[in-house]
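Heads up: the structure comes next, in structure tokens.
Protein chains in written order, with the numbering used here: chain A, -16 to 147; chain B, 1086 to 1469.
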């Protein structure tokens, strides 16, 4: 088994397990609390509005915005880690069908694996810090995934064309 | 390069029986995995047609009721309306989770089926792990589906009901089974001289397989590009709008301004629609791309005529593109686009079902070969 293929398959399985373990932890210890937080802050905001208390409504909306921001990202991280892991494994299995030199194939595999790890990581870091660094990490990760996928697609199409 | 240079495996006769023997781990995972995907997709189609839009209307109506209650200063009705919103959202969320998890576990089962030759365990151990995986993969979606109906009845915990507990147990079983299979894989790679694995599935270079693999990869790439565009152009705008619309709604209610409340409610409905179609299009094109790629590897097991295998591959790809494209157009073209999207989903389901039946035929032929002493009289690969 070539190095690139091994990296994609083993890395993909490890990432899938990591994503599932994260999802299990999240479902058991965090999701219910997050949903309760979102629902209760929204209800409090409208309750405050009904009591004609705009300051309390604003505070409650601020809590809602923060809770929703974190919840959306935590769910996205779970989905993207597992989805990308599956993609890594599938591409790894068919990696010998790609018409590129071993050096390029290893570079593409590395870029795809690195992107699959750091793109959701950047999204997760945004729940701790809303600044530009976590966002930049997520953008870098997604760019790596897209560039690597583009290269792999071209390599596969080159092989397909020559096969036809 | 002429196709003859690739080893071609297009006939069931050429496949070793052991690769898909009765109740073997691979047969369990292949048939169980595709069945999970089919059930998840059918459930998703039924949910989209009969539940999704009705549920969204109820959420909107309850939200409007809460806003108008706030306008009237009725705090009790605000609370009651939000309880309804929570209940409708839970109903929707658990059904989406059921749909997604059944399909994703199906994908994982297919992946593990491909990887089985590299897993250095005995067939009996692989079978046990495959059963454990399938039990967990069935338990989780069923448990999640029941969360809304079972609630906290007879639960020993204050906020987690029995359905949730069983769903989490299902997830744990899947995790254990996957971890077990990973250990087998690690054992394979840690052996001093790893044996060379020659799996017929990986040698296949038939046309349907190549079309599915290339088509799937292109769909995944398009999905990622669309996702990147969505994150750059819409995600933060949507998030800012989501809370600012609510803020306007509450401010309007506090100022007793019904016009602002109604305008905010309308804007909120449009925002939710815009978000939903973009996220659904992104998720579906990637999921369908992955499915096409996975199915590419199993084409040698699909015991159908080559022309039909090719047709089903094209139908799967056409449906996979039609659904997300039409979902994206739903806001502009309404029910016509929605109907076409559902038709696309149906095409994928039919193509997948055809491939599943093809694999079932193949396993039947294998079983007949092992059980039939008159094997010479019965051509196994006979493409009737």
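All C-beta atoms in this analysis are idealised placements derived from N, C-alpha and C, irrespective of residue type, glycine included.
Please read these numbers as outputs of a predicted model, since none were measured by experiment.
DSSP state of residue 132 (chain A), grouped into three classes? helix
Taking the straight line between their C-alpha atoms, what separation do you get for residue 84 (chain A) and residue 141 (chain A)? 12 Å
Got a sec? Which residues, its chain only, sit under 6 Å from residue 1240 (chain B) by beta carbon, not counting five neighbours each side? 1246 and 1247
State yes or no: is the C-beta of residue 106 (chain A) within less than 8 Å of the C-beta of residue 121 (chain A)? yes
Coil, strand or helix - residue 1399 (chain B) by DSSP: helix
Using a Cβ-Cβ cut-off of 8 Å, state whether residue 1154 (chain B) counts as contacting chain A. yes
Close beta carbons around residue 17 (chain A), own chain, < 8 Å, minus the five adjacent residues each side: 50, 53, 54 and 57
Quick one, which residues of the stretch 33 to 50 of chain A are near chain B if we go by CB-CB under 9 Å, in chain order? For the stretch 33 to 50 of chain A, which is checked against every Cβ of chain B, the residues closer than 9 Å are 33, 34, 35, 36, 37, 40, 41, 43, 44, 45, 47 and 48.
Against residue 1313 (chain B), what residues of chain A qualify as contacts under a CB-to-CB distance less than 7 Å, listed in chain order? 125 and 129
At a Cβ threshold of 8 Å, is residue 1336 (chain B) touching chain A? yes
List the residues of chain A whose Cβ lies closer than 9 Å to the Cβ of residue 1263 (chain B), in chain order. -4, -1, 0 and 3
With 8 Å set as the bound, which would you pick, yes or no: does the beta-carbon of residue 1215 (chain B) sit closer than that to a beta-carbon of chain A? no
Just mark residue 165 (chain A) as buried or exposed, buried being the case when its beta carbon has 16 or more other beta carbons within 10 Å. Residue numbering for chain A in the displayed model covers -16 to 147; residue 165 (chain A) lies beyond these limits and cannot be assessed.
Comparing the C-beta of residue 9 (chain A) with each C-beta of chain B, is any distance below 8 Å? no
Under 8 Å by Cβ, that's how I've got residue 1167 (chain B) and residue 1155 (chain B) pegged, so tell me the actual separation to the nearest angstrom. Contact doesn't hold; Cβ gap of about 10 Å is too wide.
Between the Cα of residue 128 (chain A) and the Cα atoms of A:138, A:139, A:112 and A:93, which residue gives the shortest distance? A:93
In chain A, what lies closer than 9 Å to residue 1163 (chain B) by C-beta? 26, 29, 30, 32 and 33
Check whether chain B comes within 8 Å of residue 170 (chain A), counting only Cβ atoms and requiring the distance to be less than that. Here chain A covers residues -16 to 147 and nothing more, so residue 170 (chain A) does not appear.
Span of the alpha helix (DSSP H) holding residue 1332 (chain B)? 1321 to 1339
Compare the C-beta of residue -15 (chain A) against all C-beta atoms of chain B and say whether one is closer than 8 Å. no
Determine the chain B residues that contact residue 52 (chain A) at a beta-carbon separation under 7 Å, and present them in chain order. 1324
What is the C-beta distance between residue 1242 (chain B) and residue 73 (chain A), in whole angstroms, given that I count them as a contact (C-beta under 8 Å)? Going by Cβ atoms, the distance from residue 1242 (chain B) to residue 73 (chain A) rounds to 38 Å, so no, they are not a contact pair.
List, in order along the chain, the chain A residues whose C-beta lies closer than 8 Å to that of residue 1356 (chain B)? Those within 8 Å of residue 1356 (chain B) in chain A number zero; the least Cβ separation is about 13 Å.
At which residues does the alpha helix (DSSP H) containing residue 1300 (chain B) begin and terminate? Per DSSP, residue 1300 (chain B) belongs to the alpha helix (DSSP H) from 1292 to 1315.
Exposure of residue 1138 (chain B), with buried meaning 16 or more beta-carbon neighbours within 10 Å: exposed
Would a check of beta-carbon distances place residue 1080 (chain B) closer than 8 Å to chain A? Residue 1080 (chain B) cannot be examined here, being either before or after the span of chain B that is shown, 1086 to 1469.
Alpha helix (DSSP H) segments (min. 4 residues) lying fully within the stretch 26 to 91 of chain A: 37 to 76
Assuming residue 1387 (chain B) is part of the alpha helix (DSSP H), what are its boundary residues? For residue 1387 (chain B), there is no enclosing alpha helix (DSSP H), as DSSP marks it with neither H nor E.
Indicate, with yes or no, if the ligand FMN has a heavy atom lying under 7 Å from the CB of residue 1383 (chain B). Ligands are entirely absent from the displayed structure, and the ligand FMN is therefore not among its contents.
Cβ closer than 9 Å: which chain A residues qualify as neighbours of residue 1339 (chain B)? 31, 32, 33, 34, 35, 36, 37 and 40
Rounded to a whole number of angstroms, what is the C-alpha to C-alpha distance between residue 1428 (chain B) and residue 1187 (chain B)? Approximately 21 Å between the Cα atoms of the pair.
Just tell me which of B:1356, B:1335 and B:1389 has its CA closest to the CA of residue 1346 (chain B). B:1335
How many whole angstroms separate the CB atoms of residue 1222 (chain B) and residue 1252 (chain B), which I take to be in contact at a CB cut-off of 8 Å? Contact doesn't hold; Cβ gap of about 11 Å is too wide.
So which of B:1319, B:1367, B:1320 and B:1286 has the shortest CA-CA distance to residue 1307 (chain B)? B:1367
Measure how close the beta-carbons of residue 1402 (chain B) and residue 1377 (chain B) come, nearest whole angstrom, since I'm counting them as under 8 Å. 6 Å
Return the residue from the list B:1219, B:1395 and B:1372 that minimises the CA-CA distance to residue 1108 (chain B). B:1219
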